[in-house]
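For reference, the structure is listed below as structure tokens.
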Amino acid sequence: MPELADFPIAKKWPAKHPDRLQLYSLPTPNGVKVSIALEELSLPYEAHLVSFDTNDQLTPEFRSLNPYGKIPAIIDPHGPGGKPLPLFESGAILLYLAEKSGRLIPQVRRQGLRGQAAARPLRGRVEARARRGERAARDARLDDG
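Going by the working numbering, the sequence shown opens with residue 139, and the numbers climb by one from there.
This is how it looks when you write it as structure tokens:
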């Protein structure tokens with residue numbers, strides 16, 4: 139099972155508290171969303187400053203966690219199954235933290251999130267087929283008329 143120290147990013151930003159969520163970010167409007175959620179949820183975390191001044195987000199260590207080189211990113215050392223879980227993109231992180239803590243999302247909504255995410259591609263295909271069927275029916279009526 140991988141440990142937090144096995145992640146390349148941990149070499150550039152060593153964890154002082156490896157049992158806590160590791161947050162790699164910068165105090166920008168997008169960067170603080172996750173830290174606000176962590177505070178609201180009372181989840182213990184250790185923050186690591188990713189400096190844009192020195193292009194930290196473009197280093198191989200940071201890109202090993204987020205290949206797009208964008209903040210924020212986290213590693214949860216106690217992810218699903220007790221394994222470390224790396225995550226990036228603020229929306230994905232916020233949903234994960236809400237599900238992990240069981241807060242900020244109503245229970246009914248939490249149960250539906252996974253189903254909605256799984257159904258979205260299927261829903262798009264079904265709607266496209268329905269539109270094609272409507273067009274075909276319309277064209278057939280025009281041909282008959």
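The C-beta atom is built at its ideal place from N, Cα and C for all residues, glycine as well.
Closest in C-alpha terms to A185, from the list E178, P205, V170, comes V170.
In the pairwise beta carbon analysis, the stretch 226–237 is classified as not touching the stretch 146–156: fewer than three pairs are separated by under 8 Å. Under DSSP, Q160 takes part in a beta bridge, and its partners are E184, I213.
Boundaries for L225: no alpha helix (DSSP H) harbours it, while the beta strand (DSSP E) harbouring it runs 223–226, taken from the DSSP string.
Inclusion of S189 and L164 in the CB contact set at 8 Å is warranted, their separation being smaller than that value.
When E199, T192, Y206 are compared, the shortest CA-CA separation from A143 is found for E199. Separation of the CB atoms of A211 and L223 is rounded to 11 Å, and the pair is thereby denied contact status at 8 Å. Short of 7 Å from the beta carbon of S173, and not among the five residues preceding or following it, lie these beta carbons of its own chain, in chain order: L161, S163, A185.
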